[in-house]
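In my numbering, the protein residues as written are 4 to 86.
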């Protein structure tokens with residue numbers, strides 16, 4: 004969905020801009036692609052966090068039972084450890 008373009012003024016080091024132009028980089032396209040990747044990455048991270056929270060909520064009872072078992076009986080094989 005293209006909602007049109009807006010002008011964005013940014014500051015960049017002149018030598019970096021000159022170097023980018025010398026190798027024929029499309030600065031505008033690079034900026035757009037970079038922002039798109041950053042947005043997608045941030046959304047994916049948020050989705051991962053939300054998914055992990057949902058899993059923890061759904062499994063809260065089992066996690067609590069597991070913690071209780073470890074508190075009462077210790078970790079399986081702990082008596083066999085030599086370190």
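Beta carbons: idealized from backbone N, C-alpha and C, even for Gly. The model shown is predicted, which means the values in this text are computed figures rather than measured ones.
Beta-carbon proximity of residue 23 to residue 13, cut-off 8 angstroms: Along the chain shown, read from residue 1 onward, the residue named residue 23 stands at position 20. Along the chain shown, read from residue 1 onward, the residue named residue 13 stands at position 10. In terms of Cβ geometry, residue 23 and residue 13 do not form a close pair [threshold 8 angstroms].
Where residue 20 and residue 26 are concerned, what is the direct C-alpha to C-alpha distance, given to the nearest angstrom? The residue labelled residue 20 in the question sits at position 17 within the chain shown. The residue labelled residue 26 in the question sits at position 23 within the chain shown. For residue 20 and residue 26, the distance between alpha carbons rounds to 10 angstroms.
Residue 76, DSSP secondary structure in three states: For the purposes of this step, residue 76 is identified with residue 73 of the chain shown, where counting begins at 1. In the structure shown, residue 76 sits in a helix (DSSP, three-state: H, G or I).
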